[in-house]
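*Asks:* Residue numbers (our numbering), protein chains in the order written: chain X, 44 to 861; chain L, 6 to 233.
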């Protein structure tokens, strides 16, 4: 019997090839996307879960409260790791990871070979007691226990020594400065990529005695704790305030030159808490994360989108099947007449939808092979075709096949099998009215989703444009950032002068940070004139050309200048800093900071004078409100300013860049000239949004495409059903336009209804999304209109393809078909 | 001779929102086993409604219908389907072959539904295809055949199960006269071999092949002529 069903199903497919292609390709595309998303979700939610004993590992992090705001950090003062282990019996082991080396990048020499190694961190000897890993060579006890010991992962060891087993005992010579050669003490198996951080090389933290100094206020160490089996996160967290009281108070009072009571009553404070290791990747978005972490709500959205896309593809199948029901009606009649029961017919039609579903899955695997590169490009993830080969993925595929087979087949099966043979065999049969209502409903559903996605895409796009092009308060175009200029040391000024000689270069400035970067330091300042609480904000060290180079606006006073030799003891502030300090007429007012490097070496405090106020500008992303910013003059800090900004105007950008490189090589022979563009640096802050933008665009394209495939099929069948009517109308004088209008009208009505449904949903969702931004676009209504027009246009083009074909056909032909 | 069909005061109504049409109006007659009965009458006289009820495709609104000594007027769809597939074969004006199945498979269909084993099916299908002289066409699809050939396939399908009764609804309506005659000859042969045939027709010529003609008008029997 099944054989007979399959035979009929197969022949049906062959007979209506275009219908089969529409059905199968729509389903396949939907399934491939859905599969991709499910694998993506799985990979995202499995980060760090490969670590079998990871359930007891936590990261200690903090919320730093400032008056009226807070910042959360992934790293904490370096002394806590030791203290919590000693004080809290629940803490079995603690370890610290320091990410000091220019984002983990490190030059290393082995013999004559030079390597630029990434993901190099300092780590405590206890590292592998917290992060249990597979030791390949060497000994775990000695791994990081000596000051100049280093640990490599297998890949790095192979890269350096050809054979990982040869690595232990070998010397690594770090480039330059005063770091001693290090001895490889152990080689560990590579950690899987899905870890919230990963290392190529670890250097014992004992190498730097500074790491052992007592410090409870400066944030520097990623601190991980292994708790014993009976400990609870809550219990351990509840002990933290006590530990602050006992150990950190003195440090805090010294640093901020105020009593802890006054400090905290002004709204300052430290709230330490734990993050379970396995939750870090999806839930933690603090300052100083090792990498850009994932996002739970993104996964929910993706999951929803996956479901909708598959459902929309199934809807196509349902719609086309019921629309075609009149063609199958006679077969049903004949089968029933010759003794088939309804149950048998339902089985037959479900078998058919399963066959289509199976074929679709096969095609889906083909599509899937094409998708990962596109999707990875869009989302920045590393999915591969080989991910499909896991048992889970194959089970998933089978599940999809079954779900699709049943979901798509069940309704048409019941409709088709319930036809009465006498009616259909007499040819009285008309495609059911209840079927039409359902089809309309499903089309509305498909296009509602499509319109929602179009709206989201448009709004995300506009917000992105706003963020990168709006008045940020500085000029970001045509500006090159030259990196690692700290290497120039005394030659900085000479290098800058050389740069100015380049055609088109007018402004050159050294600085410790530029807009869009994370490296503004935290600092507090107190006014001598008024006795208000100290103001905590960000700090930056710049030279006298910074304001000009970035085109910042001066509100009052002046910026640093060569003409004033006393400028080393002056500061310039943004408006926000002046407001938070609570001072009137800021020019000439005096301020002090407890920050060591801005005071005398013997610890006595310098007094700084405010000489200028610049207009607030967005030196951080538009997610954040503008916070206080204090500029300090560069003259004594040449070596801390790792960056030089060069503004190019009125000349070829590329030739200017080439010239810069030549100048660089003149001073620095053995280090590559590395640079970035200011506008790209600014844009990089919105990487997450830029990904959302691409992902939304991708999904809305796919959704619309699948919905249109369905619409195309549906339009073809309704047109065919009305071919007689079209013939009669044409004979009576209807124009092509009349016919196209008549055929399109019904569908256009449905699209309009979809828009009405989609608008409030999209409005609600996007309003929520926009709340993420302190600075956001305000007017979005025109985008709803635009989305509606786009949907209508796409739908109209899809339908009119069929409608025009029908309308220009010879009426005699269509009348004869009846 | 045994009575295979006996209907008494059979009624059937069709209702739309405003109008109630009487399709069968207290119709009564009997058909004996081995008879060949033609039912004639103008369009809308209730012939097809009658045939549907006799074929257990539809149920009457009133009256009695005894098929093979069983009262079937109150049968539900499942029971009717069961009785139908074992006892009744159908031949339609528009052939109603399934386009996606070959000649062989079309004929095989009723045997599948009555649960005949594959070996037996093959034997019986080939037998009947030989008899209808379309064995050479068994792998063709209906669209590849002429109308006459298609109707021969339809007849083959109707008889493959050895039904007691064949219901033919204008079997020659879509055929030219020579193909029509061929089909009528086939039906006559079947009848002579013992199968009861009830045929609805507009054609006086076809009706002459039968033993008895029942003429209908407005859902009622008007005359009955015995030809033999």
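C-beta atoms are modelled at their ideal positions from N, C-alpha and C, and glycine is treated no differently.
Which term fits residue 860/X, buried or exposed, when burial requires 16 or more other beta carbons within 10 angstroms of its beta carbon?
*Replies:* Taking the first chain and counting its residues from 1, the one referred to as residue 860/X is at position 817. Per-residue confidence for residue 860/X stands at a pLDDT of 48, beneath the threshold of 50, marking its modelled position as unreliable; the derived number appears in the next sentence. Answer is exposed; the Cβ neighbour count stays below 16.
*Asks:* Do you know how far the Cα of residue 179/X is from the Cα of residue 208/X?
*Replies:* One-based indexing of the first chain puts residue 208/X at position 165. One-based indexing of the first chain puts residue 179/X at position 136. Between residue 208/X and residue 179/X, the C-alpha separation is close to 8 Å.
*Asks:* Looking at the secondary structure, which residues open and close the alpha helix (DSSP H) in which residue 159/X lies?
*Replies:* What you label residue 159/X is simply residue 116 of the first chain in a count that begins at 1. Here residue 159/X belongs to no alpha helix (DSSP H); instead the beta strand (DSSP E) covers 156 to 160.
*Asks:* Going along the chain, which residues of the region 427 to 458 of chain X sit with their C-beta nearer than 7 Å to a C-beta in chain L?
*Replies:* none
*Asks:* Going by beta carbon distance, what residues of the same chain come within less than 8 Å of residue 317/X, once the five residues before and after it are set aside?
*Replies:* By one-based count along the first chain, residue 317/X stands at place 274. 101, 102, 103, 104, 268, 276, 279, 280, listed in sequence order.
*Asks:* Does chain L have any CB closer than 8 Å to the CB of residue 381/X?
*Replies:* Position 338 of the first chain, counted from the start, is the residue given in the question as residue 381/X. True, the Cβ-Cβ gap to chain L drops below 8 Å.
*Asks:* Tell me whether the region 90 to 103 of chain L and the region 165 to 176 of chain L touch, counting them as touching only if at least three CB pairs, one residue from each stretch, are closer than 8 Å.
*Replies:* yes
*Asks:* When the Cα atoms are used, what is the spatial distance from residue 220/L to residue 373/X?
*Replies:* Looking up residue 220/L in the second chain gives position 215. Looking up residue 373/X in the first chain gives position 330. So the two alpha carbons sit approximately 29 Å from each other.
*Asks:* Given this structure, state the Cα-to-Cα distance separating residue 538/X from residue 689/X, to the nearest angstrom.
*Replies:* Position 495 of the first chain holds residue 538/X. Position 646 of the first chain holds residue 689/X. For residue 538/X and residue 689/X, the distance between alpha carbons rounds to 12 Å.
*Asks:* Strictly by DSSP, which residues pair up with residue 120/X?
*Replies:* What you label residue 120/X is simply residue 77 of the first chain in a count that begins at 1. According to DSSP, residue 120/X bridges with 262/X.
*Asks:* Would you say residue 187/X and residue 247/X are within 8 Å of each other, going by their C-beta atoms?
*Replies:* In the first chain, counting from the first residue as 1, residue 187/X sits at position 144. In the first chain, counting from the first residue as 1, residue 247/X sits at position 204. Their beta carbons are under 8 Å apart, which means residue 187/X touches residue 247/X by this criterion.
*Asks:* Locate the alpha helix (DSSP H) running through residue 375/X, then write down its first and last residues.
*Replies:* Here residue 375/X refers to the residue found at position 332 when the first chain is read from its first residue. From DSSP, the alpha helix (DSSP H) with residue 375/X extends over 368 to 380.
*Asks:* Determine the burial state of residue 607/X: buried for a count of at least 16 other Cβ atoms within 10 Å of its Cβ, exposed for fewer.
*Replies:* Here residue 607/X is taken as the residue at index 564 of the first chain, counted from 1. That one is exposed.
*Asks:* Count Cβ pairs between the region 172 to 186 of chain L and the region 137 to 156 of chain L that sit closer than 8 Å; are there 3 or more?
*Replies:* yes
*Asks:* Count Cβ pairs between the region 518 to 528 of chain X and the region 721 to 740 of chain X that sit closer than 8 Å; are there 3 or more?
*Replies:* With the cut-off at 8 Å, the region 518 to 528 of chain X and the region 721 to 740 of chain X touch.
*Asks:* Below 6 Å CB to CB, which residues in the same chain sit around residue 214/L once its five sequence neighbours on both sides are set aside?
*Replies:* For the purposes of this step, residue 214/L is taken as residue 209 along the second chain, with counting starting at 1. Same-chain partners within the cutoff: 189, 193.
*Asks:* Taking the C-alpha atoms as reference points, what is the distance between residue 151/X and residue 250/X?
*Replies:* Here residue 151/X refers to the residue found at position 108 of the first chain. Here residue 250/X refers to the residue found at position 207 of the first chain. Cα-Cα distance, rounded: 16 Å.
*Asks:* For the structure I just gave you, are there three or more beta carbon pairs, one from the region 488 to 506 of chain X and one from the region 823 to 833 of chain X, closer than 8 Å?
*Replies:* yes
*Asks:* Assign residue 162/X to one of two classes, buried (16 or more other C-beta atoms within 10 Å of its C-beta) or exposed (fewer than that).
*Replies:* Here residue 162/X is taken as the residue at index 119 of the first chain, counted from 1. Residue 162/X is buried by the Cβ-count criterion.
*Asks:* What is the DSSP secondary structure of residue 860/X, counted as helix, strand or coil?
*Replies:* In the first chain, counting from the first residue as 1, residue 860/X sits at position 817. In this predicted model, residue 860/X has a pLDDT of only 48, less than 50, meaning its place in the structure is not dependable; the value taken from the coordinates is given anyway. Helix, per DSSP.
*Asks:* CB residue 195/X to CB residue 225/X, shorter than 8 Å?
*Replies:* For this step, residue 195/X is matched to residue 152 along the first chain. For this step, residue 225/X is matched to residue 182 along the first chain. No. Outside cutoff.
*Asks:* What number of angstroms, rounded off, separates the C-alpha of residue 158/X from the C-alpha of residue 94/X?
*Replies:* Here residue 158/X is taken as the residue at index 115 of the first chain, counted from 1. Here residue 94/X is taken as the residue at index 51 of the first chain, counted from 1. Taking the straight line from one Cα to the other gives about 30 Å.
*Asks:* Answer yes or no: do residue 757/X and residue 356/X have a C-beta to C-beta separation smaller than 8 Å?
*Replies:* Taking the first residue of the first chain as 1, we reach residue 757/X at position 714. Taking the first residue of the first chain as 1, we reach residue 356/X at position 313. For residue 757/X and residue 356/X, no; Cβs fall outside 8 Å.
*Asks:* Any beta carbon of chain X sitting closer than 8 Å to that of residue 220/L?
*Replies:* On the second chain, residue 220/L is found 215 positions in, with the first residue counted as 1. So, not an interface residue.
*Asks:* In this structure, does DSSP put residue 99/X in helix, strand or coil?
*Replies:* As a first step, residue 99/X must be located in the first chain, where it is residue number 56. Residue state, collapsed to three classes: helix.
*Asks:* With a 10 Å radius around its C-beta and 16 neighbouring C-beta atoms as the bar for buried, classify residue 350/X as buried or exposed.
*Replies:* Working through the first chain from its first residue, we reach residue 350/X at position 307. When all chains shown are included, residue 350/X counts as exposed.
*Asks:* Mapping DSSP to helix, strand and coil, what is residue 91/L?
*Replies:* Residue 91/L sits at position 86 when you count from the first residue of the second chain. Residue state, collapsed to three classes: helix.
*Asks:* Could you spell out where the beta strand (DSSP E) holding residue 226/X opens and where it closes?
*Replies:* Taking the first residue of the first chain as position 1, residue 226/X is located at position 183. Unbroken beta strand (DSSP E) run through residue 226/X: 225 to 231.
*Asks:* Is residue 26/L close to chain X? Criterion is C-beta to C-beta, closer than 8 Å.
*Replies:* Within the second chain, numbered from 1, the residue matching residue 26/L stands at position 21. Taking Cβ atoms only, chain X never reaches closer than 8 Å to residue 26/L, which makes this a no.
*Asks:* Taking only the alpha-carbon atoms, compute the straight-line gap between residue 283/X and residue 137/X and give it to the nearest angstrom.
*Replies:* The residue labelled residue 283/X in the question sits at position 240 within the first chain. The residue labelled residue 137/X in the question sits at position 94 within the first chain. Cα atoms of residue 283/X and residue 137/X: separation of roughly 15 Å, rounded to the nearest angstrom.
*Asks:* Taking CB distances under 8 Å as the criterion, tell me whether residue 59/X reaches chain L.
*Replies:* Residue numbering aside, residue 59/X sits at position 16 when the first chain is read from its first letter. So no, residue 59/X is outside the interface.
*Asks:* Do the CB positions of residue 558/X and residue 673/X come within less than 8 Å of each other?
*Replies:* Taking the first residue of the first chain as 1, we reach residue 558/X at position 515. Taking the first residue of the first chain as 1, we reach residue 673/X at position 630. Not in contact: residue 558/X and residue 673/X (Cβ atoms no closer than 8 Å).
*Asks:* Ignoring anything shorter than 4 residues or poking outside the region 587 to 650 of chain X, list the alpha helix (DSSP H) runs there in chain order.
*Replies:* The qualifying runs are 589 to 593, 618 to 624.
*Asks:* Identify whether residue 168/L lies in helix, strand or coil by the three-state DSSP scheme.
*Replies:* Position 163 of the second chain, counted from the first residue, corresponds to residue 168/L. Here residue 168/L sits in coil by DSSP.
*Asks:* Excluding the 5 residues preceding and the 5 following residue 652/X in the sequence, name in chain order all residues of the same chain whose CB lies nearer than 6 Å to its CB.
*Replies:* The count along the first chain starts at 1 and reaches residue 652/X at position 609. Cβ within range, chain order: 613, 633.
*Asks:* Since residue 218/L and residue 43/L should fall inside the 8 Å C-beta cutoff, what is the C-beta to C-beta distance between them, to a whole number of angstroms?
*Replies:* To locate residue 218/L, count along the second chain from 1; it is residue 213. To locate residue 43/L, count along the second chain from 1; it is residue 38. Right, their Cβ atoms sit about 5 Å apart.
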